[in-house]
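Using the working numbering, the first residue of the sequence shown is number 508, and each one after it goes up by one.
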Amino acid sequence: MYKIQRIDQDHAILVTEDESIPLLNHAGDPILSTPEEVTKMLMDDFNESDMYDEEGHFIPQRSYIYCNLSSLTALKLEDEDELEYDISEVIQWDRAFRLNTSNTEEVKAITELKEYLGDAYINLPLAEDQDMENLAEGDKIPQTTIEQVESLMKPFKLKEVMALDMLNEHFQFTSVSLVIMWIAQKIETEKFVHSMLLLSGHYDAENGMEVFKSLDWVEVLISKMNRFNEYLQSKDI
């Protein structure tokens, strides 16, 4: 396992308890040093039971904080301090804009997004075709709507953009707009997780929404996202 090792008065890293080998990122490079409070957040994440597989093996990639720091390390080693994330295409298949309006749970899932967008919100039929060129103009999310969602990204720094990239993929590109809303602190973590799982098809209507919300793995995911949210709101790295 790992322990915290100070680098200077304000920064620290994680090293192995036995040989003090620095924690490595996915490319095999030492994770960059961070403010000590951030290092403690990563250590707390590693101490959670969901970091281990069924055989008891430690899987650092199960920590969203680790994944974010791993990618940040790789970018900073390449002297990259900025990263652009274009949502103009991926948003076209965003389930938040392609609801089954007869499903009241789906409608509830995007309450905060609808309130934020106001008249710019639009609901379109499900888009089965995954080719942008085959989407009719009337089946596309309007540019004004896209720009209003994009405006939430303006304050995002590198770690927030990396989080958007990771979470959008993690939730199978279900709703990039809800991911952005969550990172921008426009939606509570518990509501965000329930909404993403509902829109991605994990919800079993026969058992009821309250039963679904109480499932152990759903509660574990909410706890993990709460820890990641605390990290995203921490000092810049």
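The C-beta atom is built at its ideal place from N, Cα and C for all residues, glycine as well.
Checklist entry - So the alpha helix (DSSP H) I520 belongs to, where does it begin and stop? => result Not the alpha helix (DSSP H): I520 falls in the beta strand (DSSP E), residues H518 to T523.
Next on the checklist: Under DSSP, the beta strand (DSSP E) around Q512 begins and ends at which residues?
Outcome noted: Y509 to R513
Item to check | Best match in H701, N675 and M558 for proximity to D601 [C-alpha to C-alpha] | outcome: N675
Checklist entry - What's the call for H701, buried or exposed, on a 16-neighbour Cβ count within 10 Å? => result buried
Next on the checklist: Taking contact to mean 3 or more Cβ pairs, one atom from each stretch, closer than 8 Å, check whether the segment 549-566 and the segment 581-590 are in contact.
Outcome noted: no
Checklist entry - Can you name, in chain order, every residue of its own chain whose Cβ lies under 8 Å from the Cβ of N630, other than the five neighbours on each side? => result F604, R605, L606 and T608
Checklist entry - In three-state DSSP terms, what is L531? => result strand
Item to check | DSSP bridge partner residues for P770 (one or two, in chain order) | outcome: The shown model of the chain, from 508 to 744, leaves out residue 770, and the question about it has no answer.
Item to check | Among D557, V614, P537 and E596, nearest to L579 - alpha-carbon criterion | outcome: P537
Next on the checklist: In whole angstroms, give me the CA-to-CA distance for I514 and K661.
Outcome noted: 32 Å
Checklist entry - How many angstroms separate the CA atom of V522 from the CA atom of H677? => result 27 Å
Checklist entry - Thinking C-beta only, is M732 closer than 7 Å to T681? => result no
Checklist entry - At what residues does the alpha helix (DSSP H) containing L631 begin and finish? => result Element bounds for L631: n/a, residue is neither H nor E.
Item to check | V686 and L671 closer than 7 Å at C-beta | outcome: yes
Next on the checklist: At 4 residues or longer, what runs of the alpha helix (DSSP H) sit wholly inside the segment 591-654?
Outcome noted: 611-616 and 618-624
Checklist entry - Among residues of its own chain, excluding the 5 on either side of K720, which ones have a beta-carbon nearer than 7 Å to its beta-carbon? => result H701
Next on the checklist: So, at 7 Å on beta carbons, what are the nonlocal neighbours of S540 in its own chain, with the 5 sequence-adjacent residues on each side left out?
Outcome noted: I514, H518, A519 and I520
Checklist entry - Ordered along the chain, which non-local residues of its own chain (more than five positions away) have a Cβ less than 8 Å from that of L525? => result Strictly speaking, residue 525 in this sequence is Asp, with Leu absent from that position. None.
Next on the checklist: Since L642 and Q599 should fall inside the 8 Å C-beta cutoff, what is the C-beta to C-beta distance between them, to a whole number of angstroms?
Outcome noted: 6 Å
Next on the checklist: Once DSSP output is grouped into helix, strand and coil, what is the label at F663?
Outcome noted: coil
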